[in-house]
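Q:
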Amino acid sequence: MREIVHLQAGQCGNQIGAKFWEVISDEHGIDPTGSYHGDSDLQLDRISVYYNEASGGKYVPRAILVDLEPGTMDSVRSGPFGQIFRPDNFTWCLRILQYGFQTL
Numbered sequence: 000m001r002e003i004v005h006l007q008a009g010q011c012g013n014q015i016g017a018k019f020w021e022v023i024s025d026e027h028g029i030d031p032t033g034s035y036h037g038d039s040d041l042q043l044d045r046i047s048v049y050y051n052e053a054s055g056g057k058y059v060p061r062a063i064l065v066d067l068e069p070g071t072m073d074s075v076r077s078g079p080f081g082q083i084f085r086p087d088n089f090t091w092c093l094r095i096l097q098y099g100f101q102t103l
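In numbering that gives the first Met the number 0, the protein residues as written are 0 to 103.
The following block contains the structure:
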């Protein structure tokens, strides 16, 4: 079985990534809560490539969202499919801005 971890980085990457998840969720019949409401078995074919199946039959994107400040993360969370992600999928690091890249 093939699994893909989707990495979204920066403002542009996260904005494009948020739209990606809207489109791919629609293609697979996944609603904004992560529940399957499709009408074809083909929509569930290979769904595990991009999603983990969580408890209660919910599908969660296999994604990591990264940025240097929390504003973009807040924007994604408040978007149409923002609640589909696990809270620990979001990470931002203000320390990089404060101390420079050499501290990593």
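We treat Cβ as the ideally placed atom computed from N, Cα and C, and that holds for glycine.
The structure presented is a predicted model; accordingly, all values stated were derived computationally and were not measured.
On the DSSP letters alone, give me the boundaries of the alpha helix (DSSP H) that V65 sits inside.
A: Note, V65: premise wrong, no alpha helix (DSSP H); beta strand (DSSP E) at A62 to D66.
Q: Less than 8 Å between the C-beta atoms of R61 and E2, yes or no?
A: Yes, they are a contact pair.
Q: Select from C92, F80 and R85 the residue whose C-alpha is nearest the C-alpha of D30.
A: Out of C92, F80 and R85, F80 has the C-alpha closest to the C-alpha of D30.
Q: Quick one: grab the DSSP three-state call for A8.
A: Strand at A8.
Q: Among the candidates I63, I83, F89 and V59, whose CA atom is the shortest distance from the CA of D73?
A: Nearest of I63, I83, F89 and V59 to D73, Cα basis: F89.
Q: Quick check: the segment 50–68 against the segment 11–27, are there 3 or more CB pairs under 8 Å?
A: In short, these stretches touch, since the Cβ pair count reaches three.
Q: When burial is assigned at 16 or more other CB atoms within 10 Å of the CB, is H36 buried or exposed?
A: Exposed.
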